[in-house]
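A short worksheet on the structure shown next.
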Amino acid sequence: MDRRTLIVSGLVTMAAGASRAQQPQSAPPPPPPGAAAAPAPAGGAKTYEKDEIAHNVSDFLGVTAESAGAVVEKLFAKNGRPTAYIAGEEGSGAFVIGARYGRGLLYMKDKPPMEVFWQGPNIGWDFGGNASRVFVLCYNLQVPEVIFQRFPGVEGSAYLVGGLGVNYQRADEVTLAPIRAGVGLRLGANVGYLSYTRKRNKFPF
């Protein structure tokens, strides 16, 4: 499977259902063979299994199953099962003060994929640029539209596992855990926030 499948399949689904609604109405792509849907908490969104997320991380980011399994194991041990994930791409650059821009598709079980943009500033001992694929695990995200807000970075949360960079962002009761692979991870070198929006914003603030 091509590692761009998650985004491409979602865009095809969105285009097919866009004739009468702004958001696509067709079903999201099925999980990989053998992956079971976890039951939803009372009144909450369904969650994703560890093997299902590890498969998607490995496939989309183009990393080995061992690397994907190691980082997913750590995230599940710390946070439990995510209720959603975002598969996308981003670019960033900095010379002490910098910015990050990204675009992807938000996936939740029993809901169509939804296009999401994000942008935000950062400041710190940080120089250079990078282009990355990013796979964001979303915890306690019960309704897709709740993603559209500002998520500050959690200080001291950045780390590397199996060559993949992970950090945490948190707003209200929702926690995001972006997993990045690409040129120049630049983890822990800056502080800032990301705003998730329905449309691309030119300015990161």
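In the working numbering, the protein residues as written are 412 to 616. Glycine included, each C-beta is placed from N, C-alpha and C at the ideal position.
Asked	Found
Whether or not the stretch 461-470 and the stretch 481-493 are in contact is what I'm after, with contact meaning three or more pairs of Cβ atoms, one per stretch, closer than 8 Å; do they touch?	yes
Does DSSP classify PRO555 as helix, strand or coil?	helix
Taking the beta carbon of ALA569 as the centre, do at least 16 other beta carbons fall within 10 Å, making it buried, or is it exposed?	buried
Can you tell which of ALA588, ASP521 and LEU517 has its C-alpha closest to the C-alpha of HIS608?	Per the sequence shown, residue 608 should be read as Thr rather than His. That would be LEU517, whose Cα lies nearest to the Cα of THR608.
Going by DSSP, what residues sit across from ALA497 in a beta bridge?	Reading the sequence as shown, one finds Ile at residue 497 and not Ala. Looking at the DSSP assignment, ILE497 forms a beta bridge with LEU517 and VAL547.
Between which two residues does the beta strand (DSSP E) holding ALA582 run?	580-582
Give a yes or no on whether the C-beta atoms belonging to ALA592 and ARG544 are separated by under 8 Å.	yes
Just grab the DSSP bridge partners of GLU526 for me.	LEU516
So, using beta-carbon positions, are ALA549 and ILE590 closer together than 8 Å?	Note that residue 549 is Cys in the sequence shown here, rather than Ala. No. Outside cutoff.
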